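Engineer:
Right, dumping it as C-alpha cells:
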C-alpha cells in the first residue's frame with residue numbers, strides 16, 4: 001500500500017476568475033514537483049473530491065463566507081484520500097482520511113491540518129463527502145434549526161435530487177411531512193417520485209410557471225421551503241407560502257453565475273410581512289457543535305433503509321473542471337464527486 | 348356632554364378599488380341615517396382616526412392579513428372617540444373609548460365589540476393611536492422579538508420619522524445602539540438628528556444611491572435593519588449588512604401602490620445565505636399577549652422624557668382621503684391622524 005511517494009503531482013489551478021458562467025478557460029491542469037515532507041507534514045493521495053455549488057463563490061474576487069481561491073494556485077475541495085507519506089506521529093501511512101485537499105493527485109498537508117480519519121466500514125468512502133458529510137449535515141441543520149417541519153405540514157425542496165436536496169426531501173418524509181421536490185430533468189423527477197417516494201415533483205426546466213405547479217402540488221400551501229436555487233422559484237414559493245411559513249435559505253444556484261441586472265429580482269417580498277414568514281440563511285460550519293447528533297441520526301436512517309443517497313461520479317482529475325461547470329448547470333444527477341485515484345476500500 | 352344622538356352621520360365609503368396608486372375617486376363622502384341603538388349597541392362619536400399604511404392592503408380585493416374593505420361600505424380605522432348613546436350596561440355615555448370605527452362622524456358598535464376605555468389622564472387622546480397604540484407596539488415587538496439589538500450594534504430604520512419608525516429609532520438609541528434613520532424630506536432628516544438625536548440620517552428622495560449613503564452612515568455595517576419601506580432600500584441594506592444581521596420586515600410602503608413588474612425586484616437575496624441573515628415578517632396583533640409589558644415600558648420612557656412622539660393632524664372627515672393618499676406618498680410628518688370632532692379632554 002505504501003509505495004515510495006511520487007516526485008510530482010498534477011494539479012488543477014485557477015487560471016482566471018469567471019465573469020458570470022464558469023468556463024473551462026478559468027482552469028489549467030499543470031504538473032509540479034512534490035517537495036519531501038518536512039517535519040509534521042502529511043502527504044495525501046486523493047481518492048474522491050467533492051464538488052459543491054458554494055465553491056463558485058470562492059472563485060470570485062469578492063469575499064464570500066469561505067476564503068477565496070487564489071489565481072495561479074490549486075483549487076481546493078473537501079475530499080477523502082489515503083495517507084502515502086507522513087512525518088507526523090498522529091497520521092499513519094495507509095490510513096483513509098477526510099479533509100480539505102487540492103484539486104490534485106497529491107496534497108501535502110502541513111501538520112496534518114484538518115485531517116480526520118474516514119472509516120470505510122461505516123460507509124463507502126464517497127459517502128463521507130455526501131450523506132455522512134457536509135451536504136447532508138447542511139440539510140439536517142437547515143431543517144432542525146430553521147425549517148422545523150411538523151408532521152402533516154407541506155415541505156417544498158428545490159433541486160431535490162442534489163447533494164443537499166435529496167437529504168432534505170427524505171428527512172421531510174421521515175418526519176411525516178407532505179414533500180414536494182423540484183428537479184431539472186424528467187429522469188430526476190422520476191427518481192424523486194420512485195426512489196425517494198416524494199408526494200409530488202415537477203421539472204423546473206420544462207414547467208416554467210412555478211406558481212401554477214406549486215398550486216397543483218401543494219393544495220394546502222407551503223409551510224417550509226428549503227431553497228437551493230433562489231430566483232424565480234423563491235418568488236413562486238413566497239406567493240404560495242402559508243402564514244408563518246419558514247424559508248430555509250440554503251443556496252441560490254440559479255443566481256451564482258449571474259451578475260448585475262441579469263440576477264433575478266424578487267418582487268414579492270411584501271409577503272414576508274403579510275404572511276409573517278421567517279426566512280433565514282445559514283452556513284453548516286456555524287453548527288459544527290451538532291455534528292455528533294447529526295451523524296448519529298443520519299447513520300440510523302441509513303441503516304434502517306429510510307434514507308438513500310445518490311452519487312454522481314466523474315472519473316479523473318482532468319475532468320474535474322468539466323464536472324464542476326456541469327454541476328453549476330444542473331447536469332449532475334445526485335451528489336457530484338470526482339474520482340481521482342483508486343479506492344482500495346472497494347476491493 | 349350627552350346631547351341627543353344625531354339622526355344621520357357622514358361616512359367615507361370605498362367607491363372603487365385602487366389600481367396602483369390610491370386616488371380620490373376611490374372614495375366617496377355620503378350621509379346616511381343612523382338607526383336607533385338596539386339592545387347592546389353603543390354609538391361612538393369619532394374624535395381621532397388613525398391612518399396607517401397597512402390599510403392600503405385592505406383596499407385590494409386580494410386577501411391580506413386584515414379583512415378587506417368592501418366596496419360601497421365605509422372604510423374603517425383604529426380610532427378614539429366618545430360614547431354618545433349606549434344600550435349596553437358595560438359602556439357609559441361620555442366615556443372615551445378606543446376601537447375600530449368607521450371613517451365617519453358616528454359609528455354604531457353592536458355589543459360594544461372591541462371598545463376599550465381610553466384614559467386621557469395617561470396621555471393626550473391622539474397618543475392612544477400612536478406612542479401608546481398599535482404603531483408604537485409594532486416598533487416594540489419588532490425590536491424585542493426579531494431585531495434584538497445589542498448595545499453598540501448599528502440599527503438602521505427606514506421611514507424613521509413615521510408612526511412606527513420614530514419609536515423604533517428612539518428605542519434603538521435607548522438600548523445603546525448606533526442608530527441611522529432615513530426619511531423623505533430634509534425637514535424630517537433634521538427632526539431625526541435634532542429631536543430624536545439619531546447618530547446619522549439621510550434623505551432617501553434626494554440621495555438615491557442608498558448603498559453609498561449607508562456605507563457613509565454605517566462604517567461598521569448594519570446589524571439590525573428595521574424595514575418600513577422595502578424595495579431598493581431593502582436591497583441596499585442587504586448589501587451592507589453584517590454577518591448574522593437581523594431584518595425586521597415591518598412594512599414595504601414603497602411597494603404597496605405598485606403592481607406587477609412595476610414592483611421593485613430585489614436581486615441580492617443570496618446575501619441572506621452568505622451572511623446568515625435572519626429576516627422575519629410580523630404583525631403586531633399576533634403579539635397582543637405582550638401588550639402590558641409594552642405599555643409599561645413605553646410609558647416609562649415617555650415619562651422620563653427619553654421617548655418623544657410627533658403626530659401629524661389633518662382636520663375634518665372630508666379630508667381623510669387626501670390625508671391617506673398623502674401618507675402613502677410620504678407627505679405626512681409624524682404619525683398621521685385625522686381629527687373628526689372636538690376633543691373635550693383638551694379643555
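Chains as they are written, first to last, in this note's numbering: chain A, 1 to 347; chain B, 348 to 694.
Ideal Cβ positions, reconstructed from N, Cα and C, are used throughout, including at glycine.
On a predicted model such as this, the values are computed, not experimentally measured, just so you know.
Give me the residue from B/543, B/641, B/626, B/640 with the minimum Cα distance to residue 652 of chain B.
Structural biologist: Residue 652 of chain B has its Cα closest to that of B/543, out of B/543, B/641, B/626, B/640.
Engineer: Quick check for students: name the residue ranges of the beta strand (DSSP E) that lie wholly in the region 221–255 of chain A, counting only runs of 3 or more.
Structural biologist: 222–227, 241–249, all fully within the region 221–255 of chain A.
Engineer: Scan the region 265–295 of chain A for residues whose Cβ lies nearer than 9 Å to a Cβ of chain B and list them as they occur along the chain.
Structural biologist: Hits within the stretch, in order: 265, 266, 267, 268, 269, 270, 271, 272, 273, 274, 275, 276, 277, 278, 279, 280, 281, 282, 283, 286.
Engineer: Could you give the distance in angstroms between the alpha-carbon of residue 664 of chain B and the alpha-carbon of residue 396 of chain B?
Structural biologist: So the alpha carbons of these two residues sit roughly 9 Å apart.
Engineer: Can you look up residue 282 of chain A in the DSSP assignment and give me helix, strand or coil?
Structural biologist: Reduced to three states, the DSSP call for residue 282 of chain A is coil.
Engineer: Distance, Cα to Cα, residue 183 of chain A vs residue 207 of chain A?
Structural biologist: Residue 183 of chain A and residue 207 of chain A: Cα-Cα distance of roughly 10 Å.
Engineer: Which same chain residues end up closer than 8 Å to residue 120 of chain A when comparing Cβ atoms and leaving out the 5 residues on each side of it in sequence?
Structural biologist: The residues are 96, 345.
Engineer: At what residues does the alpha helix (DSSP H) containing residue 483 of chain B begin and finish?
Structural biologist: 481–488 is the extent of the alpha helix (DSSP H) around residue 483 of chain B.
Engineer: Looking only at DSSP bridge pairs, what is residue 362 of chain A linked to?
Structural biologist: Residue 362 of chain A lies beyond the range of chain A shown here (1 to 347); nothing can be said about it.
Engineer: Can you tell me the Cβ-Cβ gap for residue 548 of chain B and residue 507 of chain B, rounded? I've got them flagged as a contact below 8 Å.
Structural biologist: Indeed they touch by this definition, with Cβ atoms about 7 Å apart.
Engineer: Closest Cβ-Cβ distance between residue 263 of chain A and chain B: below 8 Å?
Structural biologist: Cβ-Cβ to chain B under 8 Å: yes for residue 263 of chain A.
Engineer: Between residue 524 of chain B and chain A, is any beta-carbon pair separated by less than 8 Å?
Structural biologist: It does not; no Cβ of chain A falls within 8 Å.
Engineer: So, at 7 Å on beta carbons, what are the nonlocal neighbours of residue 486 of chain B in its own chain, with the 5 sequence-adjacent residues on each side left out?
Structural biologist: These residues qualify, in order along the chain: 511, 514, 515, 518.
Engineer: Quick one: does residue 1 of chain A have its CB under 8 Å from some CB of chain B?
Structural biologist: Because residue 1 of chain A carries a pLDDT of 45, less than 50, the predicted location of this residue cannot be relied on, and the following value inherits that uncertainty. It does not; no Cβ of chain B falls within 8 Å.
Engineer: Drop a sphere of 10 angstroms on the beta-carbon of residue 454 of chain B, count the other beta-carbons inside from all chains shown, and report buried for 16 or more, exposed for fewer.
Structural biologist: By the neighbour-count rule (16 or more Cβ atoms within 10 Å), residue 454 of chain B is buried.
Engineer: Can you give me the start and stop residues for the beta strand (DSSP E) that residue 406 of chain B sits inside?
Structural biologist: No beta strand (DSSP E) contains residue 406 of chain B, which DSSP labels as neither H nor E.
Engineer: What does residue 565 of chain B touch in chain A if you count any residue whose Cβ is under 7 Å from its own?
Structural biologist: Neighbours of residue 565 of chain B on chain A: none; closest Cβ ~18 Å, over 7 Å.
Engineer: Among the candidates B/399, B/540, B/361, B/432, whose CA atom is the shortest distance from the CA of residue 381 of chain B?
Structural biologist: Measuring from the Cα of residue 381 of chain B, the nearest candidate turns out to be B/432.
Engineer: Check whether the Cβ atoms of residue 404 of chain B and residue 275 of chain A lie closer than 8 Å to each other.
Structural biologist: No, they are not a contact pair.
Engineer: Is there a Cβ from chain A that is less than 8 Å from the Cβ of residue 598 of chain B?
Structural biologist: Yes - at least one Cβ of chain A is within 8 Å of the one on residue 598 of chain B.
Engineer: Counting only beta-carbon separations shorter than 8 Å, does residue 581 of chain B have a partner in chain A?
Structural biologist: Closer than 8 Å: yes.
Engineer: Is it buried or exposed for residue 122 of chain A, if we count other Cβ within 10 angstroms and need 16 for buried?
Structural biologist: Exposed, since its Cβ has fewer than 16 Cβ neighbours within 10 Å.
Engineer: Distance check for residue 124 of chain A and residue 104 of chain A, CA to CA, integer angstroms please.
Structural biologist: Their backbone Cα atoms lie some 21 Å apart in a straight line.
Engineer: If we count Cβ pairs, one from each stretch, closer than 8 Å, do we get three or more for the region 218–228 of chain A versus the region 23–34 of chain A?
Structural biologist: Counting Cβ pairs under 8 Å, fewer than three are found: no touch.
Engineer: In terms of residues, what are the limits of the alpha helix (DSSP H) holding residue 160 of chain A?
Structural biologist: Run containing residue 160 of chain A: none; DSSP gives neither H nor E here.
Engineer: Got a sec? Which residues, its chain only, sit under 8 Å from residue 322 of chain A by beta carbon, not counting five neighbours each side?
Structural biologist: 24, 314.
Engineer: Which complete beta strand (DSSP E) runs does the region 520–576 of chain B hold, if anything under 3 residues is left out?
Structural biologist: Complete beta strand (DSSP E) runs here, min 3: 525–530, 547–550, 569–574.
Engineer: Assuming residue 556 of chain B and residue 527 of chain B form a contact by the criterion Cβ under 8 Å, report the distance between their Cβ atoms to the nearest whole angstrom.
Structural biologist: 15 Å between Cβ atoms; not a contact.
Engineer: What does the alpha-carbon distance come out to for the pair residue 348 of chain B and residue 464 of chain B?
Structural biologist: Since pLDDT at residue 348 of chain B reaches only 45, below the 50 mark, its modelled position is unreliable, and the value read off the structure follows with that caveat. Straight-line Cα distance between these residues: approximately 17 Å.
Engineer: Looking at the C-beta of residue 230 of chain A, does it have a partner C-beta in chain B at a distance below 8 Å?
Structural biologist: With 8 Å as the cut-off, residue 230 of chain A counts as an interface residue toward chain B.
Engineer: Please confirm whether residue 260 of chain A and residue 617 of chain B have their CB atoms less than 8 Å apart.
Structural biologist: No, these two residues do not count as a Cβ contact at 8 Å.
Engineer: Around the Cβ of residue 216 of chain A, are there at least 16 other Cβ atoms within 10 angstroms (buried) or fewer (exposed)?
Structural biologist: Per the 10 Å Cβ criterion, exposed.
Engineer: Quick check on residue 379 of chain B: buried or exposed, where buried means 16 or more other Cβ atoms within 10 Å of its Cβ?
Structural biologist: Under this definition residue 379 of chain B is an exposed residue.
Engineer: Counting C-beta neighbours from all protein chains within 10 Å, is the total for residue 73 of chain A 16 or more, i.e. buried, or is it exposed?
Structural biologist: By the 10 Å Cβ count, residue 73 of chain A comes out exposed.
Engineer: Can you confirm whether residue 315 of chain B, when its beta carbon is compared against all beta carbons of chain A, has any partner nearer than 8 Å?
Structural biologist: Lying outside 348 to 694, the shown extent of chain B, residue 315 of chain B is not represented and no answer is given.
Engineer: Taking only runs of the beta strand (DSSP E) that begin and end inside the region 105–137 of chain A, which ones reach a length of at least 3 residues, in chain order?
Structural biologist: Correct list: 106–109.
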